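Which chain is which? The protein sequence lines are A and B, in order.
Numbers 82 to 228, taken from my numbering, label the letters of the first sequence in order.
Numbers 72 to 355, taken from my numbering, label the letters of the second sequence in order.
C-beta atoms are modelled at their ideal positions from N, C-alpha and C, and glycine is treated no differently.
Computed from a predicted structure; not experimentally measured.
Note sheet for the following structure.
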Amino acid sequence: MSLDKPYLDVPGTTIFDAEQSRKGYWLNQFCMSLMKAENRARFKAGERAYLDEWAMTEEQKQAVLARDLNRCIALGGNIYFLAKIGATDGKSFQQMAGSMTGMTEDEYRAMMLAGGRSVEGNRRLGEDGDAQPQHQPQGAAGKKATN
Amino acid sequence: MAKITASVYTSHVPAIGAAIDLGKTTEPYWVPLFKGYEYSKQWMKDNTPDVIFLVYNDHATAFSLEMIPTFAIGTAAEFTPADEGYGPRPVPKVIGHPELASHIAQSVIQDDFDLTIVNKMDVDHGLTVPLSLMCGEPRAWPCPVIPFAVNVVQYPVPSGRRCFMLGQAIRRAIESFDQPLKVQIWGTGGMSHQLQGPRAGLINADWDNRFLDRLIADPEGLSKVPHIEYVREAGSEGIELVMWLIARGAMADVAGGPKPTLKHRFFHVPASNTAVGHLILENH
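Okay, here's the thing in structure tokens:
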């Protein structure tokens, strides 16, 4: 019998369920290690060497090196774990969240100050809101990256 | 016997903790947020309980993927503020209440809720930010705190219904404790927010305010809202709001007593990525 996953049609959203957790186990455990100051220092001194100490896939390591949080999440990462990478880099939660939208920091901050992203058009895949796949990337940062 | 005097509900956004710790509370961005808690700090001084039972979630701090307890009660004598990657918050150590916590654990487990008992645990912003919002920056927190951590990180999290029923069991447990303690129960997290993917930054103020209305007036009905509605309407991290139903389930009216008095209600957007909601309900 298959599991009920009613959340698969929410656009721009990955629910960290048992399947994602299994895929991302070592990626997330690597992130946990960054809660110790000495590990943060070792990671910063040699990221690739530090990552090679973990049983992560090459794809996961590349996603971390590129700080591509959307990719990390697709490969089983969870934002609360990945936030330890951001903390190591001195990034705020707002900078981390914003980086996944394709917006610049200023664009994302302005959206939040204006009341945040609307749910209209963003409840289900197939609608036309700004979080839908057909509208990515959303901001100047993402457009620059894809040019 | 011990009794629950009031319940408090508040978001626990980490940036709020950072704003307090870095002395930014008077910056224009933060002024309206902290203004919403001025009443609460005075109320807390006037109504200091003997113990706070604080429902929160751990954000991959004390619990990695090695162990993921759905409901975990802290029975230790003290809990240290965690280093979440930025260094520990400069806030007082959290003093527990092992005697009451152990009593609640035994009572609630015998009432069919299978809690995990935790005797060693650091506590993260989920627990310390609500204390800062309600108590300011004291050298010691005003009373002992029992941390109660709920898994809302790895899906499936407990249902609103389960949380509401657990709150009722916690009330029964507290009321059977043989010391005249005044206990507050706090539910924290939320409101609407999403921290991941192209949909990051989602806020749904209408849904949040309906949630507040129903939490006050129709918690039983609200407890039946399925997970998928939280995710769709309030963002993937908005699901933290199920924790508010634990605190609400512990109030007297749910067991046939009088309706609580609404002492304070506050809502503000944004704090970083998040909609902030806050209520104080008093039992009679």
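Within the same chain, and ignoring the five residues on either side of CYS234/B in sequence, the residues whose Cβ sits closer than 6 Å to its Cβ are VAL313, LEU316 and ILE317.
Per DSSP, the unbroken beta strand (DSSP E) holding VAL221/B starts and ends at 216-221. Among the CB atoms of chain A, none fall inside 9 Å of the CB of LEU312/B. In terms of beta-carbon proximity, TYR106/A lines the interface with chain B, with at least one pair separated by less than 9 Å. DSSP places TYR157/B in the coil class of the three-state scheme, outside both helix and strand. At least 9 Å separates the beta-carbon of PRO297/B from that of MET72/B.
With respect to chain B, the C-beta atom of ASP98/A has a partner C-beta closer than 9 Å. Within the same chain, and ignoring the five residues on either side of ARG232/B in sequence, the residues whose Cβ sits closer than 7 Å to its Cβ are SER294 and LYS295. The residues LYS334, HIS335 and ILE351, in chain order, have a CB closer than 8 Å to that of TRP114/B in the same chain once the five nearest residues on each side in sequence are set aside. The Cβ neighbour count for VAL102/B, taken over all protein chains shown within 10 Å, is under 16; the residue is labelled exposed. In the structure shown, GLU353/B adopts extended strand secondary structure according to DSSP, grouped into three states.
Assignment of ARG198/A by DSSP, reduced to helix, strand and coil, places it in the strand class. Around the beta carbon of PRO99/B, fewer than 16 other beta carbons lie within 10 angstroms, which makes this residue exposed. The alpha carbon of ASN190/B has as its nearest neighbour, out of ALA220/B, SER203/B, CYS206/B and PRO201/B, the alpha carbon of ALA220/B. With a minimum length of 4 residues, the unbroken runs of alpha helix (DSSP H) contained wholly in the region 212-297 of chain B fall at 231-246, 276-288 and 290-293.
Burial of LYS142/A is indicated by the presence of at least 16 other C-beta atoms within 10 angstroms of its C-beta. Per DSSP, reduced to three states, the secondary structure at PRO99/B is coil, with no helix or strand assignment.
Residue range 169-181 is occupied by the alpha helix (DSSP H) that includes ALA172/B, with no beta strand (DSSP E) assigned at that position. Residues of the region 140-174 of chain B that bring their beta carbon within less than 7 Å of a beta carbon in chain A comprise ASP154, GLU155, GLY156 and TYR157, in sequence order. With respect to the 9 Å criterion, LEU146/A and ILE160/A are not classified as neighbours on the basis of their beta carbons. Counting along the chain, ILE317/B sits inside the alpha helix (DSSP H) bounded by residues 315-320.
For ALA143/B, the enclosing beta strand (DSSP E) has its first and last residue at 142-145. If you check each beta-carbon in the region 287-316 of chain B against every beta-carbon of chain A, the ones closer than 7 Å belong to ILE299, VAL302, ARG303, GLU304 and SER307.
Going by DSSP, LEU125/B is part of the beta strand (DSSP E) stretching over 122-127. Contact annotation for GLN143/A against chain B: no contact, minimum CB-CB distance about 19 Å [criterion: below 8 Å]. Against ASN280/B, chain A offers no close residue; the least beta-carbon distance is about 13 Å (beta-carbon pairs closer than 7 Å). At a cut-off of 9 Å, the C-beta of LEU194/A has a neighbouring C-beta in chain B. The residue from ARG148/A, ARG152/A, LEU115/A and ILE154/A with its alpha-carbon nearest to that of TRP135/A is LEU115/A.
Interface criterion not met: the Cβ of THR187/B is under 9 Å from no Cβ in chain A. Judged by DSSP secondary structure, TYR106/A falls outside any beta strand (DSSP E) and instead within the alpha helix (DSSP H) spanning 106-114. When the beta-carbon positions are compared, GLY272/B and ARG123/A stay at least 9 Å from each other. ARG270/B places its beta carbon less than 9 Å from that of ASN203/A. Inclusion of ALA143/B and LEU186/B in the CB contact set at 9 Å is warranted, their separation being smaller than that value. VAL162/B carries a coil assignment under DSSP once its states are collapsed to helix, strand and coil. If you draw a straight line from the Cα of GLN110/A to the Cα of ILE154/A, it comes to about 14 Å. The three-state reading of DSSP puts LEU93/B in coil, since its state is none of H, G, I, E or B.
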